[in-house]
Amino acid sequence: MDEHNRPIHTYQVCNVMEPNQNNWLRTNWISRDAAQKIYVEMKFTLRDCNSIPWVLGTCKETFNLYYMESDESHGVKFKPNQYTKIDTVAADESFTQMDLGDRILKLNTEVREVGPINRKGFYLAFQDIGACIALVSVRVYYKKCPFTVRNLAMFPDTIPRVDSSSLVEVRGSCVKSAEERDTPKLYCGADGDWLVPLGRCICSVGYEEVDGSCHACRPGFYKAFAGNIKCSKCPPHSLTYVEATSVCQCEKGYFRAEKDPPTMACTRPPSAPRNVISNINETALMLEWSPPSDTGGRKDLTYSVSCKKCGSDTSQCEICGGGIRFIPRHTGLINSSVTVLDFVSHVNYTFEIEARNGVSELSFSPKPFTAITVTTDQDALSLIGMVRKDWASQNSIALSWQEPDFPNGAILDYEIKYYEKAYPRIAPAFWHYLRVEEHEQLSYSSTRSKAPSVIITGLKPATKYIFHIRVRTAAGYSGYSQKFEFETGDETSDIAAEQGQILVIATAAVGGFTLLVILTLFFLITGRCQWYIKAKMKSEEKRRAHLQNGHLRFPGIKTYIDPDTYEDPALAVHEFAKEIDPSRIRIERVIGAGEFGEVCSGRLKTPGKREIPVAIKTLKSGYVDRQRRDFLREASIMGQFDHPNIIRLEGVVTKRSFPTIGVKSLSRFLSAGFLNSIQAPHPVSRGGSLPPGISSGRPVMIVVEYMENGSLDSFLRKHDGHFTVIQLVGMLRGIASGMKYLSDMGYVHRDLAARNILVNSNLMCKVSDFGLSRVLEDDPEAAYTTSGGKIPIRWTAPEAIAYRKFSSASDAWSYGIVMWEVMSYGERPYWEMSNQDVILSIEEGYRLPAPMGCPASLHQLMLHCWQKERNHRPKFTDIVSFLDKLIRNPSSLHTLVEDVLVMPDSPGEVPEYPLFVSVIDWLDSIKMGQYKNNFMAAGFTTLEVVSRMSIDDIRRIGVVLIGHQRRIVSSLQTLRLHMMHIQEKGFHV
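Our numbering applies: residue 950 is where the sequence shown begins, and numbers increase by one.
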């Protein structure tokens, strides 16, 4: 029975009462198959000789194991002398008579190895020389490395070598639809374990990796390059209906140019140019037009102009021929204008203007164009008639006139040319050589007006001016009108206005003085005058100190002033933010909820200007004074900034009044409780009293420019994969430019993240969310706490988490995270890792990997932003400069991370990329920038050409110092390897 009291079959012997025992047990013939070394596992029981009474013979507590190699079975023939001893096997555990009575047998397990085995098979034999033993089981086996798939390569069953110190190298074969990137290899160890994986296979074009195999891209997706990246959605205006597609086919009417990458959206030819106008004088004809309303989705827009001469019968036209000239040319125009020379007078010319782009040649549809007919006889245009002076001041003249009776088309605008009626400062002896018109027009000014009236400003008092006016229509300019002479007023003409101003100033001065006297008496009576003066002086000293250390410290550079330095925060609000009359605001709808209350969209009316869309942040009802102060603190900060990539503050509402609310939206606002804070009756007016510190419902609002596309993170998630890399880089450049402006002003943002970047309809990104107080809690999972919520730790630099050290360098760390968010289309940084795991991972050197399809140069910039030592991180000035360089060299963005990644030698190190995108960058990287001009002048202008340079080339271009020659030559070796690596992957640098 075994240890579980189950019956078992055994071979047993217990001839201990007789001497000279020699008992054998032999196995059948065993085929070794592919084994070179075999293992024998024996399970047996053995009785303790001391527990056997009256032993007459010699009792043993061991048995012997033998083997014999053979190419075939010997049947029953057995010769012990042909067997080779493997080992004498002893028991670790033996049983006694008591154990036998309790039916508890102690099972021993021993393993012995035999090898190498050279014949086709072998026998095993067990010899007993006088033991009480039961052989329960014998298992004979060998070890192998089993079939496996690693890095998309298959490795077959492999038998290890007999020598346990050496490994078997096995070359793998790529799985279906995969190809070798580097030769895949594994090493089979003596214990049957696969070790040291090298090389890899990658999924072929049109296939992506899924669970260790390559699956075809499903319809609607494609993969243009071999590599272990996922299939991508077809770019806009392209599609595919089959699997395993490398390039998506363009929709009908859309095309892809020969040099367009497969990742680029399909585009179409542009529409016709618009609003063509002409301007003709005696020698030149200027044609101008507006770009087409539809550019086809491309930026490589050019124009072509063709010319026809037509007689009275417009159906009989002929090509202008070579006599007419176009400046700069008539095809391939980049600007929307051209000058025509050498035309013939009194001829009707028809000019056809066509817009073209990179796919125009691929379309078989008729090319749209815009035509304009020009008559080279200027007299055909009506002239301006009588011009009158409506009024004149010391420095201005107002003129008006009648529109021409026959303007030859719709009037676009009027051009007014004027000059001072005075003789030039030349000797009178030379006057007779000039006509009056010539010396009067040696210097003149001009302006334009769409209406038949104009106000000319900036003139001299009591001075006569000559005016000429001409009209512009679609057919061009008319001739100038006759001369009209008008004079500005003198000082006496403005005396009434000045007297009125003096009266207003005097009245204000008297009123101010009276108010000052009343306030002085009031403070003297209450006994608080001295306290008020001290407090005011203290506030002014703080402000003066900040001004000396801030705005006035560096002439011409504006510096941020912390609103908390003001004794009264209301002073900061009114100094930096403009008060808006609420009647000018029209609230339209609620678009979200902010930290302090609702956020609405609406319109703002500005006197003399058109309405503009705005976003209105409101302070919820029942606020306390501290909430009001914190709410307006953000406006005090925003009001100091003026930059196209910083959200613009229009103003604040702090006085008691009510904005206009649309009738359609009124019920929705009432049901949402939005109007409670601005329309609730004053509690005191009903005889009640306010709780301490609670506001009486006074409306408080912050009005900022309206950003149509909302926050950057949600915008990117909504449009996943819709933008080109250069568009994403443009967004990043805008954010960096805004942060450079803040950094130059000395402002640290401390909460830079994609959720705090707003996007307008032109894809311009603007930094927002200013002025919130942040305190670090002891619990690392809580990150930073504000009065309205918690800021995740994933965007924050390590030194800011550990020591609360916020600086522009910590903002640079956050900017690197924003870059990662943009390139991953709004993915959550560090995915589902906990905040504690994020902190520990960063401390151990972990950094976010590059998002799929991310250019190597951008991920390198991210890694620089995530340097542990904050002084090693790039400044925002450097970031803007680097991104500008990438935008000017878009080909440098074609190299993806997975194609140039140089893996580190140890796990803690950061992967390396080439930091250079041009020859100048390469020279700067090896500190040989002084030879930039030498390389450029000799024609070594691309990395590909430079990589083929020899030492003679280096000497010939003027590098004479031996040390510099050696540095450049050694760097060329690295450059050549890099170029070979890139070219192997099908990229062009």
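Where is the CB? At the ideal position from N, CA and C, for every residue including glycine.
Source: prediction; values computed, not measured.
Measuring C-alpha to C-alpha distances from residue 955 to each of 1099, 970, 1085 identifies 1085 as the nearest. A straight-line Cα-Cα distance of about 16 Å links residue 1868 and residue 1830.
Shown here, residue 1814 sits in a helix according to DSSP, grouped into three states. By the C-beta criterion, the segment 1782-1798 is judged not to be in contact with the segment 1703-1712, since fewer than 3 inter-stretch pairs fall below 8 Å. Taking a contact to require three or more Cβ pairs closer than 8 Å, the segment 1751-1771 and the segment 1810-1821 qualify as touching. Counting only the Cα atoms, residue 1661 lies some 25 Å from residue 1579. The segment 1006-1016 makes no contact with the segment 1093-1102; the number of CB pairs closer than 8 Å stays below 3. Assigned with DSSP and collapsed to three states, residue 998 falls in helix. In this structure, the CA atom of residue 1001 is about 18 Å from the CA atom of residue 1039.
By the CB criterion at 9 Å, residue 1715 and residue 1801 fall outside the cutoff. In the three-state reduction of the DSSP assignment, residue 1435 falls in the strand class. Taking residue 1161 as reference, the option from 1807, 1125, 1257 with the minimal CA-CA separation is 1125. The DSSP-derived three-state label of residue 1698 is coil.
Taking a 10 Å sphere around the C-beta of residue 1105, we find fewer than 16 other C-beta atoms and assign the residue as exposed. In this structure, the beta-carbon distance from residue 1789 to residue 1815 does not fall below 9 Å. Here residue 1594 is buried, its C-beta having at least 16 other C-beta atoms within 10 Å.
Looking at the DSSP output, residue 1828 sits in no beta bridge, so it has no partner there.
Rounded to the nearest whole angstrom, the CA to CA distance from residue 1547 to residue 1102 is 57 Å.
Following the DSSP letters along the chain, one finds residue 1903 inside the alpha helix (DSSP H) bounded by residues 1900-1905. Pairing residue 1532 with residue 1512, the inter-Cα distance amounts to about 28 Å. Among the bridge pairs identified by DSSP, residue 973 is matched with 1076. For residue 1162, there is no enclosing alpha helix (DSSP H); the enclosing beta strand (DSSP E) has its first and last residue at 1162-1165. By the CB criterion at 9 Å, residue 1590 and residue 1572 fall outside the cutoff. If the five residues before and after residue 1702 are omitted, its C-beta is found closer than 6 Å to the C-beta atoms of 1744, all from its own chain and listed in chain order. For residue 1600, the closest alpha carbon among the candidates 1536, 1653, 1334, 1554 is that of 1653.
Around residue 1032, the same chain offers 1015, 1017, 1074 as residues with beta carbons nearer than 6 Å, after the five sequence neighbours per side are excluded.
Beta-bridge analysis with DSSP links residue 1182 to 1170.
Non-local beta-carbon contacts of residue 997 in its own chain, meaning distances under 6 Å to residues more than five positions away in sequence, involve 1043, 1045 in chain order. Counting along the chain, residue 1785 sits inside the alpha helix (DSSP H) bounded by residues 1784-1792. Residue environment analysis places residue 1799 among the buried positions, since at least 16 neighbouring C-beta atoms fall within 10 angstroms of its C-beta. Our two residues, residue 963 and residue 1083, have alpha carbons roughly 8 Å apart in a direct line. Counting other Cβ atoms within 10 Å of its Cβ, residue 1874 stays below 16 and is therefore classed as exposed.
Contact annotation: residue 1308 and residue 1407 have beta-carbon atoms that are not nearer than 9 Å. DSSP, reduced to helix, strand and coil, places residue 1839 within a helical segment of the structure shown. Remark: C-beta atoms of residue 1348 and residue 1360 do not approach each other more closely than 9 Å. Counting of Cβ neighbours within 10 angstroms places residue 1107 among the buried residues, the total reaching 16 or more.
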